[in-house]
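J.:
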Amino acid sequence: MKMAMMVVAFLVSYFLTPKTLFMLESGGLSRENFRGSRIPSAGGIIFPAVLAITYGLFTLWGEIGPEAYIYLGFISLVGLAGLVDDIAGNKERSGFHGHFKDFFLHGQLTTGFWKAGVGGVIAALAASIESISFGDFIVNVLLVALVTNLFNLLDVRPGRSIKVFIFSSIMIMLFLPSYTGSILLIPLLGIVLAYGVYDIRSQAMMGDAGSNVIGMAVGLALVSSGGIGVKLILLAGLVSLNALSEYRSFSEYIEKNKVLYFLDLWGRRE
Numbered sequence: 041m042k043m044a045m046m047v048v049a050f051l052v053s054y055f056l057t058p059k060t061l062f063m064l065e066s067g068g069l070s071r072e073n074f075r076g077s078r079i080p081s082a083g084g085i086i087f088p089a090v091l092a093i094t095y096g097l098f099t100l101w102g103e104i105g106p107e108a109y110i111y112l113g114f115i116s117l118v119g120l121a122g123l124v125d126d127i128a129g130n131k132e133r134s135g136f137h138g139h140f141k142d143f144f145l146h147g148q149l150t151t152g153f154w155k156a157g158v159g160g161v162i163a164a165l166a167a168s169i170e171s172i173s174f175g176d177f178i179v180n181v182l183l184v185a186l187v188t189n190l191f192n193l194l195d196v197r198p199g200r201s202i203k204v205f206i207f208s209s210i211m212i213m214l215f216l217p218s219y220t221g222s223i224l225l226i227p228l229l230g231i232v233l234a235y236g237v238y239d240i241r242s243q244a245m246m247g248d249a250g251s252n253v254i255g256m257a258v259g260l261a262l263v264s265s266g267g268i269g270v271k272l273i274l275l276a277g278l279v280s281l282n283a284l285s286e287y288r289s290f291s292e293y294i295e296k297n298k299v300l301y302f303l304d305l306w307g308r309r310e
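Residue numbers (the numbering used here): 41 to 310.
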């Protein structure tokens with residue numbers, strides 16, 4: 041069933057991705073990438089759409105229960121919050137510090153603050169399902185929120201978030217397997233593999249509409265599978281990475297590391 045879900049999701053994504061990207065570009069939803077080329081943005085709207093189709097098909101075959109749709113709702117909402125930022129956001133303003141400063145000091149609601157607020161509420165709702173104590177709940181909320189934000193921060197170069205998602209998903213399914221992880225990550229892997237070619241080749245951007253979705257999926261998989269010790273180790277790493285991003289772009293760190301830079305460039309058309 042797991043492989044069948046991945047294959048079906050891949051095929052649906054393979055069929056719909058080019059049509060969706062054409063729709064976005066025709067509708068004017070495009071943005072300049074880091075090299076100044078104008079390409080379709082918010083391509084990640086395909087992720088929850090194809091996931092919903094895949095769930096629908098496997099529900100008809102009796103393979104998917106109602107809990108899958110709860111998680112689909114969560115990631116769809118964070119995807120929608122990301123889409124708002126893709127459409128109306130000011131990309132010159134980034135990081136928690138900037139958005140929170142604008143809101144609390146100047147009374148300005150930025151799309152970034154909106155996205156963070158929606159993401160935080162959904163992280164809390166999702167964490168409440170998987171938590172067995174208040175302490176566990178706090179750790180789970182932070183894990184989901186910080187993983188989601190991390191994928192957001194990574195999505196500034198072609199294919200970077202795609203590669204990290206694929207690697208993370210494989211590691212989670214190998215070492216921290218869970219039902220939640222399976223129903224989210226396996227079909228999303230198929231979806232991302234079909235879409236990823238366009239992203240890596242700089243033919244489309246997933247945008248926050250996509251990075252929010254895959255980030256929250258990874259976060260939900262982690263909180264549903266790891267013990268508290270594993271979660272605390274992961275949380276410490278995530279806090280460090282998110283804090284570092286407030287002072288320097290991840291691209292600067294990656295470009296100074298030969299191995300990371302090689303992996304970052306792999307598959308890209310430079």
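Backbone N, C-alpha and C define an ideal beta-carbon position, used for all residues, glycine too.
Identify whether I127 lies in helix, strand or coil by the three-state DSSP scheme.
T.: helix
J.: Is it the case that the region 248-258 contacts the region 299-306, given that we only count it when at least three CB pairs across the two stretches are under 8 Å?
T.: no
J.: Do you know offhand how far L278's Cα is from P88's?
T.: Distance between L278 and P88, taken at the CA atoms: about 25 Å.
J.: Below 8 Å, how does it come out for the region 76-85 and the region 260-279: are there three or more Cβ pairs, yes or no?
T.: no
J.: Measuring alpha carbon to alpha carbon, tell me which residue in G84, R308, W154, Q148 is nearest A121.
T.: Comparing C-alpha distances from A121 to each of G84, R308, W154, Q148 shows the shortest one belongs to W154.
J.: So P198 is in the beta strand (DSSP E); what residue range does that whole segment cover?
T.: Here P198 belongs to no beta strand (DSSP E), and DSSP marks it neither H nor E.
J.: DSSP state of S70, grouped into three classes?
T.: Here S70 sits in strand by DSSP.
J.: If you drop the 5 nearest sequence neighbours on each side, which residues of the same chain put their C-beta closer than 7 Å to that of D176?
T.: I268
J.: Figure out for me which residue from L117, S242, G129 has the closest Cα to the Cα of R197.
T.: For R197, the closest alpha carbon among the candidates L117, S242, G129 is that of S242.
J.: Rounded to a whole number of angstroms, what is the C-alpha to C-alpha distance between S171 and M41?
T.: 27 Å
J.: For S251, I'd like the list of residues in its chain whose CB is within less than 6 Å of its CB, leaving aside the five on either flank, ordered along the chain.
T.: F191, N192, D195, S201
J.: From the DSSP output, read off the bridge partner residues of P80.
T.: S70
J.: For I115, does the count of other Cβ atoms within 10 angstroms reach 16, so buried, or fall short, so exposed?
T.: buried
J.: How many Å lie between I104 and V90 at the Cα?
T.: 15 Å
J.: Residues in the same chain with beta-carbon distance under 7 Å from P227, minus the five sequence neighbours each way, listed in chain order, please.
T.: M45, M46, A49, L91, T94
J.: Between the Cα of Y271 and the Cα atoms of A108, N73, V179, which residue gives the shortest distance?
T.: According to the sequence provided, residue 271 is Lys. The question's Tyr does not apply to it. The option with the nearest alpha carbon to K271 is V179.
J.: What does the alpha-carbon distance come out to for the pair L174 and G67?
T.: In the sequence as displayed, the identity of residue 174 is Phe instead of Leu. Near 46 Å, if we compare the C-alpha coordinates of G67 and F174.
J.: What are the complete beta strand (DSSP E) segments, minimum 3 residues, inside the region 175-263?
T.: none
J.: Taking the alpha helix (DSSP H) that N282 belongs to, which residues open and close that run?
T.: 268-285
J.: How would you call N282, buried or exposed, if buried means at least 16 neighbouring beta carbons within 10 angstroms?
T.: So N282 counts as buried.
J.: Here's the rule: buried if 16 or more other CB atoms are within 10 angstroms of the residue's CB, otherwise exposed. What is F205?
T.: buried
J.: Using 8 Å as the threshold, is the C-beta distance between L61 and Y238 below it?
T.: yes
J.: Could you check whether R288 and I240 sit closer than 8 Å to each other, using their CB atoms as the reference points?
T.: no
J.: Excluding sequence positions up to five away, which residues of its chain have a Cβ less than 7 Å from the Cβ of G160?
T.: Counting only Cβ-Cβ distances below 7 Å, and skipping sequence neighbours, we find A185.
J.: Whole-angstrom Cβ separation of G247 and A82, contact assumed at under 8 Å?
T.: About 4 Å; that satisfies the 8 Å criterion.
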